[in-house]
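In what follows, a single structure is set out as structure tokens and then discussed.
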DNA sequence: AAATCACATACGCTTGCGCTTATATACGCT
DNA sequence: AGCGTATATAAGCGCAAGCGTATGTGATTT
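Residue numbers (my numbering), protein chains in the order written: chain A, 1 to 104; chain B, 1 to 104.
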């Protein structure tokens with residue numbers, strides 16, 4: 001069995017981020033996605049897609065012998081939720097910076 | 001030489017996320033952070049802190065023989081910037097869902 | 001039904017991560 | 001100076017990630 005990957009690990013891989021980027025534009029077949037990563041073989045891309053599936057970042061629907069991949073809407077929200085409390089850090093920091101620039 | 005890690009990989013490690021969480025509350029000495037991860041040895045935590053330093057997520061200032069670690073304000077912004085274009089996906093999705101619930 | 005196409009899985013290999021133990025470095029105290 | 005304390009680095013190891021080659025599976029075509 002494949003070790004259950006979490007969203008953070010899934011997104012840490014550059015090729016997988018590339019795939020997500022393409023799927024953000026529009027749905028694509030597995031074949032199109034394979035072609036988009038010419039340095040990788042078809043099985044390699046297929047495995048990346050499997051990881052993205054398993055963490056709920058993408059979903060597949062069959063279309064004849066093709067498989068159409070699509071971005072799952074709320075997949076990345078888990079990362080966004082994690083970042084949220086930290087966001088206030090750089091917001092405060094920027095605010096303080098502006099304050100400083102105005103007062104000099 | 002240590003392979004130059006990027007922010008995504010840095011944050012993919014659960015222990016490193018744990019460290020960031022503690023530093024979000026307040027600055028801490030390396031020793032405090034070591035104590036916060038009882039399952040790890042001191043060198044292990046030290047290496048995690050090094051990774052977080054190298055990707056710009058934390059910074060250190062010396063205090064006598066102690067080293068005080070602090071969250072760097074804009075470190076996670078790179079991840080946030082990456083997520084931004086995707087955010088509209090689940091926002092649209094939620095909007096459509098609400099629409100659907102109201103109209104039924 | 002046989003061949004072909006689109007995609008997934010199996011297997012074996014290499015490389016890099018994260019860990020521990022051992023050691024170095026640097027500061028503080030007596 | 002000598003010793004404990006605080007932290008970082010070195011060396012070595014096990015394991016899992018990611019890759020390619022080979023093969024399986026199901027749909028399409030002829």
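We put the CB at the ideal spot given by N, CA and C, even for glycine. Quick caveat: nothing in here was measured; it's all calculated off a predicted structure.
Looking at the C-beta of residue i, does it have a partner C-beta in chain B at a distance below 8 Å?
{"i": "residue 79/A", "result": "yes"}
{"i": "residue 2/A", "result": "Confidence is the limiting factor: at residue 2/A the pLDDT is only 48, short of 50, which leaves the residue's position unreliable, though a coordinate-based value still follows. With 8 Å as the cut-off, residue 2/A does not count as an interface residue toward chain B."}
{"i": "residue 87/A", "result": "yes"}
Between residue i and chain A, is the shortest Cβ-Cβ distance under 8 Å, so that the two count as touching?
{"i": "residue 71/B", "result": "yes"}
{"i": "residue 90/B", "result": "yes"}
{"i": "residue 54/B", "result": "no"}
{"i": "residue 76/B", "result": "yes"}
{"i": "residue 99/B", "result": "no"}
{"i": "residue 47/B", "result": "no"}
{"i": "residue 9/B", "result": "yes"}
Between which two residues does the alpha helix (DSSP H) harbouring residue i extend?
{"i": "residue 53/A", "result": "42–54"}
{"i": "residue 14/A", "result": "14–25"}
{"i": "residue 4/B", "result": "Premise fails: residue 4/B is in no alpha helix (DSSP H) and is neither H nor E."}
{"i": "residue 57/A", "result": "Segment: none, residue 57/A is in no alpha helix (DSSP H) and carries neither H nor E."}
{"i": "residue 33/A", "result": "30–36"}
Pull up the distance between the alpha-carbon of residue i and that of residue j, whole angstroms please.
{"i": "residue 20/A", "j": "residue 66/B", "result": "43 Å"}
{"i": "residue 34/B", "j": "residue 44/B", "result": "9 Å"}
{"i": "residue 57/A", "j": "residue 7/B", "result": "19 Å"}
{"i": "residue 1/A", "j": "residue 14/A", "result": "With a pLDDT of only 43 at residue 1/A, under the threshold of 50, the placement of this residue in the model should not be trusted, and no figure is reported."}
{"i": "residue 25/A", "j": "residue 92/B", "result": "14 Å"}
Could you work out which residue in the options is closest to residue i when comparing CA atoms only?
{"i": "residue 4/A", "options": "13/A, 89/A and 54/A", "result": "54/A"}
{"i": "residue 95/A", "options": "102/B, 99/B and 74/B", "result": "74/B"}
On the DSSP letters alone, give me the boundaries of the beta strand (DSSP E) that residue i sits inside.
{"i": "residue 101/B", "result": "Careful: residue 101/B lies outside any beta strand (DSSP E), inside the alpha helix (DSSP H) at 77–103."}
- Going along the stretch 11–23 of chain A in order, which residues come within less than 9 Å of chain B, judged by CB to CB distance? 11, 12, 13, 14, 17, 20 and 21
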